[in-house]
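Protein chains in written order, with the numbering used here: chain A, 23 to 202; chain B, 21 to 367. Every residue, glycine too, gets a C-beta built ideally from N, C-alpha and C.
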């Protein structure tokens, strides 16, 4: 029987697309709130639609994740590492899904119109000072947690790819995997 | 899998790569957020400077802290539709939530102590878009650049010994930023009015109106009062709340009105320098009438939750390259985040 060594090609494509998008968002996010230059409005104008794109992508990705076959982790991997791998992945999915929604909700609570081109998106929560006071810092905290989790994920992936060389890295990178 | 075993040296080199890549990304994020370059001017520094000069007043705006909410509407006559495709300029009425304020970060400042006053408005279009604008009752902005604005705040901080700004620092500032000279000259001869309702409020910064064909038109705008100018009286100079009291009295007698006058730039007028008023003979268009019917205190008022970010614009208005606009947007957001958090904590 054919053993799956790699994730579905669509899932791999979406993973790398989102990796680039999320890293870009974290840089844009910290830069746009700090800068007082003309970069401010440019970055804000990228941040909102890109966040919405990530929200749509993560929904497609979760659907793919549940409907396509996925390679098993190497049997030799210690149990605690397997557990950590699973926990960190579900934490990543949860944050990728929550963060754009928090951003949208935060803008709604502040009474800002959320627009995409000419389309005005509906507010997801009512205008509320208290809700904004909660959601705005939450957006920063989730960004920080997401960034640190992505960094751990990256370090672990590199560890698998460069040191363990157990096929975990190539299951997502997909380079000449099944023939190794 | 045909993996050859790694030598110790190879292993160390590879572990180093594994550590360096995330650390490099973390460093880059710290740099992007301005945490590695303390000398860089950020929204945080601007807001901190304003807080230093106005004092720390939790729950209040960091600038133009003292004010009142107002409610009304804007009745467009359609004249500005040739310049901007924004629906609010087509004939019809748009609801407005506004705020009158005096400049400075002290919400307890006496009204007579601050010559510069402001009007902020949020227009709510039927399609869900908004136009937010903050205007000041002065003819032009004191400084051209964001750095200039920051330096001005620092230069005018009260001296620890005298409690007043240090003239030597102000002199040094003027030498560095000579563009402020006309502003100081204006401020010296300016006699404030006896009422917010008789003040003319100017956008100061330039914007682009975009017409139905997509052509941009460089503009500034003003709210020109229907009420006649009366200079501030001796009595009012002793009344810390005279602006708010006057507004209530006038609104009790009837609505107060302003005309929205759009000034179209000439071919050589600069978009990026708010210290220079455009010549008086420029083409102007009366876009319609703002009517204010009602005022409420700002605490728990409709305007309290609104950040009058000048870059919240409907389709049909875009920012110009005036550098002050981005700084206002970025710093207002900081101030808004801080005061909403403080208000929530106080509840």
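Residues that residue i bridges to, as DSSP identifies them
i: residue 314 of chain B; result: B/91
i: residue 16 of chain B; result: Look at the range of chain B in this structure, 21 to 367, and you will see that residue 16 of chain B is not part of it.
i: residue 242 of chain B; result: B/222, B/281
i: residue 236 of chain B; result: B/230
i: residue 213 of chain B; result: B/251
i: residue 305 of chain B; result: B/282
i: residue 361 of chain B; result: None; residue 361 of chain B has no bridge partner.
i: residue 96 of chain B; result: B/112, B/308
i: residue 178 of chain B; result: B/185
i: residue 137 of chain B; result: B/122
i: residue 86 of chain B; result: B/122
Endpoints, the alpha helix (DSSP H) within which residue i is located
i: residue 266 of chain B; result: 262–273
i: residue 49 of chain A; result: 31–56
i: residue 339 of chain B; result: Note, residue 339 of chain B: premise wrong, no alpha helix (DSSP H); beta strand (DSSP E) at 337–339.
i: residue 327 of chain B; result: That residue, residue 327 of chain B, is in no alpha helix (DSSP H); it is neither H nor E in DSSP.
i: residue 169 of chain A; result: 151–181
i: residue 90 of chain A; result: Where residue 90 of chain A is concerned, there is no enclosing alpha helix (DSSP H), given that its DSSP letter is neither H nor E.
i: residue 40 of chain B; result: 28–52
i: residue 107 of chain A; result: 101–131
i: residue 191 of chain A; result: 190–195
i: residue 187 of chain B; result: 187–196
i: residue 170 of chain B; result: 166–175
Any chain A beta carbon closer than 7 Å to residue i
i: residue 34 of chain B; result: yes
i: residue 286 of chain B; result: no
i: residue 42 of chain B; result: yes
i: residue 297 of chain B; result: no
i: residue 358 of chain B; result: no
i: residue 361 of chain B; result: yes
i: residue 347 of chain B; result: yes
i: residue 62 of chain B; result: yes
i: residue 166 of chain B; result: yes
i: residue 150 of chain B; result: yes
i: residue 174 of chain B; result: no
Proximity below 7 Å, CB of residue i to CB of residue j
i: residue 135 of chain A; j: residue 286 of chain B; result: no
i: residue 225 of chain B; j: residue 337 of chain B; result: no
i: residue 303 of chain B; j: residue 284 of chain B; result: yes
i: residue 84 of chain B; j: residue 121 of chain B; result: yes
i: residue 124 of chain B; j: residue 74 of chain B; result: yes
i: residue 155 of chain B; j: residue 222 of chain B; result: yes
i: residue 368 of chain B; j: residue 278 of chain B; result: Residue 368 of chain B cannot be examined here, being either before or after the span of chain B that is shown, 21 to 367.
i: residue 229 of chain B; j: residue 104 of chain B; result: yes
i: residue 175 of chain B; j: residue 161 of chain B; result: no
i: residue 140 of chain B; j: residue 86 of chain B; result: no
i: residue 172 of chain A; j: residue 182 of chain A; result: no
i: residue 146 of chain A; j: residue 130 of chain A; result: yes
i: residue 217 of chain B; j: residue 137 of chain B; result: no
i: residue 157 of chain B; j: residue 219 of chain B; result: yes
i: residue 282 of chain B; j: residue 106 of chain B; result: no
i: residue 155 of chain A; j: residue 364 of chain B; result: yes
i: residue 49 of chain B; j: residue 52 of chain A; result: yes
Minimum Cβ-Cβ distance from residue i to chain B less than 7 Å
i: residue 29 of chain A; result: no
i: residue 140 of chain A; result: yes
i: residue 118 of chain A; result: no
i: residue 199 of chain A; result: Because the pLDDT of residue 199 of chain A is 43, which lies under 50, any placement of that residue in the model is unreliable, and the number read from its coordinates should be weighed accordingly. False, the Cβ-Cβ gap to chain B never drops below 7 Å.
i: residue 203 of chain A; result: A query on residue 203 of chain A cannot be resolved here, the shown segment of chain A reaching from 23 to 202 and no further.
i: residue 194 of chain A; result: no
i: residue 177 of chain A; result: yes
i: residue 34 of chain A; result: no
i: residue 86 of chain A; result: no
i: residue 26 of chain A; result: no
Delimiting residues of the beta strand (DSSP E) encompassing residue i
i: residue 279 of chain B; result: 276–284
i: residue 117 of chain B; result: 112–122
i: residue 66 of chain B; result: Element bounds for residue 66 of chain B: not the beta strand (DSSP E) but the alpha helix (DSSP H), 63–74.
i: residue 11 of chain A; result: Coverage of chain A is limited to positions 23 through 202, which leaves residue 11 of chain A absent and any answer about it impossible.
i: residue 138 of chain A; result: 136–138
Within-7 Å CB hit, residue i to chain D
i: residue 181 of chain A; result: The structure shown contains no chain D; the protein chains it does contain are A and B.
Open item on the list: If the cut-off is 7 Å on Cβ atoms, which residues from the segment 59–81 of chain A count as contacting chain B, listed in chain order?
Closed with: Shown in chain order are the members of the segment 59–81 of chain A whose Cβ falls below 7 Å from a Cβ of chain B: 59, 60, 62, 63.
Open item on the list: Beta carbons nearer than 7 Å to chain B: which residues of the segment 36–51 of chain A have them?
Closed with: Cβ contacts with chain B come from 48, 49.
Open item on the list: Closer than 9 Å between beta carbons: that is the criterion. Which residues of the segment 315–344 of chain B meet it against chain A?
Closed with: Only those residues of the segment 315–344 of chain B whose C-beta falls short of 9 Å from the nearest C-beta of chain A are listed: 324, 325, 326, 327, 329, 331, 332, 334, 335, 339, 341, 343.
- [ ] Residues of the segment 121–155 of chain A with a CB closer than 7 Å to any CB of chain B: list them in chain order, please.
- [x] Sequence-ordered contacts of the segment 121–155 of chain A with chain B read 132, 133, 134, 135, 137, 140, 142, 149, 151, 152, 154, 155 [C-beta pairs closer than 7 Å].
- [ ] Can you give me, in chain order, the residues of the segment 64–96 of chain B that have a beta carbon less than 8 Å from any beta carbon in chain A?
- [x] Going along the segment 64–96 of chain B in chain order, one finds 64, 66 with a Cβ nearer than 8 Å to chain A.
TODO: Check each residue of the segment 230–254 of chain B: if its Cβ is closer than 8 Å to any Cβ of chain A, include it; give the result in chain order.
DONE: Under the 8 Å Cβ criterion, the segment 230–254 of chain B contributes no residue.
TODO: Compile a chain-ordered list of the residues in the segment 88–114 of chain A whose CB is closer than 9 Å to at least one CB of chain B.
DONE: Under the 9 Å Cβ criterion, the segment 88–114 of chain A contributes no residue.
Task: Short-range partners of chain B found in the segment 158–169 of chain A, where Cβ spacing is below 8 Å - done: Listed in sequence order: 158, 159, 169.
Task: Contact residues within the segment 184–215 of chain B, judged by C-beta distance below 9 Å to chain A - done: Taking 9 Å as the cut-off between beta carbons, none of the residues of the segment 184–215 of chain B comes near chain A.
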